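To keep things clear, I will list the structure first and then write my remarks on it.
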Amino acid sequence: MGFDKSKAVRTAEKHLAQGKISAAIAEYRRIVEHDPKDFAALNTLGDLYVREDKKADAIRCFTAVAEHYRSQGFVLKAIAMYKKIQRLDPSALDVADKLGALYEQQGLFVEARTQYLSMADAYMRAGQRRRALDVLRRIADLDPQNAEIRLKLAQSYEHEGLRFDAAEAYTQAGANLLARGDHERALSAYTQAYGLDPLNQEALAGMVAAHCARGTPEDAAELLERAIADDSENDELRAMLVRVRLEAEDLDEAERVARELFERETHSYTTLIEVARAFINRGETNRAVALLAQAVEPALAARDEEILAALLDQALERDPDQIEALRLLVRIHTWQRDDAKLRATLERMIEAARERGLEEEVRAASDHLRRLLTEEPLQTTNNNLRHEGVSEFEATAFGAEIPASPFQDELALSDPAAIEWNGIVPTTDRFDSALGASERARREQFLLQELESVDFYLAQGYLDIARSTLEMLEQQFGPHASIAERRSRLRNAAEELAEQSFEVSAQVAVDAHVEPSMAEIEAQASVIDVAIAEDSFGSTQDRTVGSSPHEKALASSNGDHRIDSGFAALIEEFRNELGEEEPPAAPSDYETHYNLGVAYKEMDLLDEAIEEFQKAVALVSPQDGTPRYLQCCNLLGHCFMQKGMPRVAVMWFRRGLDAPGHSEDEYQALRYELGNAYEQMGDIERAIEIFSEVYGINVSYRGVAERLRRLQEQREVVK
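So for the sequence shown, this note's numbering puts the first residue at 2; every next one is plus one.
Structure (structure tokens):
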């Protein structure tokens with residue numbers, strides 16, 4: 002007889018109802034053995050192992066489920082499963098690693114940093130500094146524009162003797178500093194990188210760019226001259242030198258290097274074009290056209306004829322009688338087979354030659370034009386000017402024999418893609434500093450206004466709102482004395498409330514049939530919230546370097562390592578630096594936190610779900626015209642109900658009911674849940690009142706009539 006899965010599930014559920022956990026485990030083991038892809042059963046089996054305190058078995062189950070979700074792209078569910086594992090084994094670095102990567106994938110960079118920092122702490126405690134540095138690099142990669150973090154990382158690599166890693170980090174820091182206009186520090190960072198790795202051409206290019214940006218191209222040129230002397234075969238350095246000479250307006254040297262480079266490599270014709278452009282701008286059209294004449298064939302091979310034509314037109318604007326420029330245009334338009342432009346250029350050439358008394362030029366151009374006008378076939382190919390019967394004009398313009406172009410193959414085969422220009426001098430914005438000052442003033446004003454709001458919340462006893470606002474400010478502004486002072490006041494207020502007897506006050510309210518004020522409910526809820534936050538993340542002291550479970554586990558497994566105080570300080574600097582530049586919330590952050598909260602709730606990770614829903618609700622407004630605020634209130638209420646905290650659930654259900662603009666069905670659902678919360682609190686009178694309201698709107702709603710009857714009977718018994 003085959004295995005009956007449905008029967009096994011029913012048997013397991015029966016055992017669970019009777020409290021027979023071991024028997025239920027046996028049934029679920031049979032289920033997953035016969036169907037290894039039943040991940041819901043595997044997750045349930047893991048939960049049962051947890052109840053039996055069999056952590057290793059539970060972790061094996063949860064890991065299989067987490068890996069399945071991860072491989073299938075269900076990132077949020079994978080995160081929720083790994084969090085379950087992390088609860089059971091906080092020292093598992095592989096879990097922190099996977100969680101960090103998944104958070105990073107979702108754009109939850111704060112959460113990713115938390116995981117990575119715990120790993121770095123652990124590796125540092127274990128004396129594995131190279132691995133700790135690798136983790137810090139991943140943290141730095143989360144914020145690629147943070148030059149300060151890169152510099153700290155570079156200095157640490159250098160201290161460890163890892164010169165190439167240090168050079169790479171210095172180079173990245175230099176790029177960030179250069180992009181924001183801090184040319185002096187950028188030059189310093191690039192110089193550090195080049196000193197550690199003299200073959201690092203990216204660092205050399207950065208030094209050159211920084212010199213040019215700070216107005217010292219002569220220094221950049223000297224730097225490149227020395228580099229070329231050491232690496233004479235490096236044509237890329239010569240191309241950089243051409244552009245630096247142009248930046249320094251030393252056209253003679255720019256021309257010299259460009260010609261030298263072209264002789265070595267004809268594909269470097271672009272440097273000739275750049276120098277020619279500079280000569281045209283300076284009015285030296287003859288020198289410009291001479292360079293363009295050298296560049297014409299490789300440029301045509303690369304389909305760069307439009308750039309050439311535009312420059313030749315500019316030269317002719319300055320010197321309309323430039324015969325050589327007109328000859329080159331004839332060459333280009335013939336290659337393009339553009340008869341209209343060719344005729345116009347020939348006519349222009351005839352006029353210019355007459356002005357200069359060049360009769361041979363006039364006769365040759367006229368002959369060419371006459372043949373073109375009578376539609377005499379010009380025997381050309383797509384890549385060569387040769388044709389049968391060489392005219393006198395062609396003999397004059399291009400040489401008597403007109404040999405086959407040395408670029409014939411390239412003209413036939415070259416890709417028409419545009420040339421990639423290797424510019425090295427970035428543009429800079431001279432208004433950066435002014436904008437920075439304005440932005441700082443705006444941020445300080447915003448902080449002041451928000452702190453005034455926090456003062457009001459503290460004075461009114463709305464501790465949960467005060468805490469949420471402070472968390473938001475810490476994310477945006479990082480460590481700040483004014484925020485820390487409010488944090489201290491918030492802790493003091495929470496401690497005072499905690500000293501009061503929660504049970505006694507609740508019983509008094511029930512006995513007197515009086516609903517506590519919203520201020521009282523929210524104040525008590527804030528105490529619970531603070532406790533949850535401290536339970537989830539540890540106290541401030543627990544979060545300091547050297548105290549994480551990862552560190553303790555690695556330290557015990559690797560022996561007693563002396564902690565490098567400098568390294569510990571580095572990790573703390575990372576933590577502080579990252580806190581100072583928290584990115585503002587993006588519109589997609591709500592969806593991420595909300596969906597992650599749903600995933601946590603499905604996995605019964607209620608504390609984590611509450612945290613995510615609270616983050617989500619802080620990003621929306623009750624008046625934003627969407628159901629998002631109400632959805633968060635509803636789910637927060639359900640989470641607190643599951644945790645046995647109906648008083649806090651009441652707060653969230655009421656907040657949802659106060660949100661305007663929703664349907665009657667949505668409000669009816671919240672009223673019903675509010676009635677459940679009052680009943681769970683033991684406040685029969687308030688439960689009857691709310692359920693009566695539900696009944697008055699819809700007598701058949703979710704069995705409300707029976708609920709009312711039962712509660713009224715219960716009230717009579719109490720009386």
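Glycine included, C-beta positions come from ideal geometry on N, C-alpha and C.
Predicted, not measured: the structure shown is a model, and the values here were computed from it.
Mark residue i as exposed unless 16 or more other C-beta atoms lie within 10 angstroms of its C-beta, in which case mark it buried.
i, result
"E592", "exposed"
"K84", "buried"
"A311", "exposed"
"V297", "buried"
"K616", "buried"
"I698", "exposed"
"V719", "exposed"
"L200", "exposed"
"D122", "buried"
"E680", "buried"
"A211", "buried"
"E223", "exposed"
"P647", "buried"
"P480", "exposed"
"R239", "buried"
"S269", "buried"
"N493", "exposed"
"P321", "exposed"
"S233", "exposed"
"A190", "buried"
Compare the Cα-Cα distances from residue i to each of the options and report the closest residue.
i, options, result
"N677", "I698, D659, F641", "F641"
"Y601", "L637, L571, E573, A570", "L637"
"C213", "G182, D39, R349, R371", "G182"
"K78", "R710, R629, E714, Y595", "Y595"
"E325", "I281, I32, A291", "A291"
"Y117", "F40, Y158, I572, E497", "I572"
"L374", "K342, S469, A353, E360", "K342"
"L449", "R468, L242, L464, L474", "L474"
"R687", "S701, A495, R672", "R672"
"G162", "Y191, D198, E185", "D198"
"R283", "E250, M125, L89", "E250"
"S701", "T217, Q669, G598, D144", "Q669"
"E34", "S23, A18, K6", "K6"
"D236", "P218, T271, D220", "T271"
"D95", "R164, A187, A67, K15", "A67"
Tell me which residues share the same chain as residue i and place their Cβ nearer than 7 Å to its Cβ, disregarding the 5 neighbours each side in the sequence.
i, result
"Q295", "F263, L273"
"R490", "L459"
"L631", "G657, A660, H663, E667"
"Q146", "N177"
"E254", "R246"
"Q323", "T286, V290, A316, L317"
"R31", "A9"
"L709", "I689, F692, S693, Y696"
"A723", "Limits of the chain in this structure are 2 at one end and 720 at the other, which puts residue 723 out of reach."
"I60", "I86, L89, D90"
Going by beta carbon distance, what residues of the same chain come within less than 6 Å of residue i, once the five residues before and after it are set aside?
i, result
"I611", "C640"
"D634", "The question names Asp, but residue 634 in the sequence shown is Cys. Excluding positions up to five away in sequence, the list reads W653, R656, G657."
"E256", "V276"
"A289", "A277, F280, I281, A316"
"L152", "A174"
"F63", "G47, M82, K85, I86"
"L675", "F654, I691"
"T267", "P299"
So, for residue i: in the same chain, excluding its five sequence neighbours on each side, which residues have a beta-carbon less than 8 Å away from its beta-carbon?
i, result
"I26", "L46, L49, Y50, E53"
"R344", "L370, L373, L374"
"R319", "I281, G284, T286"
Please tell me whether, using a cut-off of 8 Å, the distance from the CB of residue i to the nearest non-hydrogen atom of the ligand GTP is below it.
i, result
"L712", "Annotation note on the ligand GTP: not contained in the displayed structure, which lists no ligands."
Subject >> Those runs of the alpha helix (DSSP H) which lie wholly inside the region 153 to 213 and span at least 4 residues >> reply: Runs found: 164 to 180, 184 to 197.
Original post:
Just checking, does the region 101 to 108 make contact with the region 126 to 133 on the three C-beta pairs under 8 Å criterion?
Top reply: Because the criterion of three Cβ pairs below 8 Å is not met, the region 101 to 108 and the region 126 to 133 do not touch.
Original post:
Which runs of the alpha helix (DSSP H), 4 residues or longer, sit entirely within the region 458 to 493?
Top reply: Counting only runs of 4 or more, we get 464 to 478.
**OP:** Would you list, in sequence order, the uninterrupted beta strand (DSSP E) runs of no fewer than 3 residues that lie entirely inside the region 591 to 619?
**Re:** The region 591 to 619 is shown to contain no whole beta strand (DSSP E) run of 3 or more residues.
**OP:** Would you mind listing the alpha helix (DSSP H) stretches within the region 94 to 151 that are 4+ residues and don't spill past its ends, in chain order?
**Re:** Counting only runs of at least 4 residues, the region 94 to 151 fully encloses the following alpha helix (DSSP H) elements, listed from N- to C-terminal order: 94 to 106, 110 to 126, 130 to 143.
**OP:** Output the residue ranges of the alpha helix (DSSP H) runs that lie fully inside the region 282 to 316 and measure 4 residues or longer, sorted by chain position.
**Re:** Correct list: 286 to 302.
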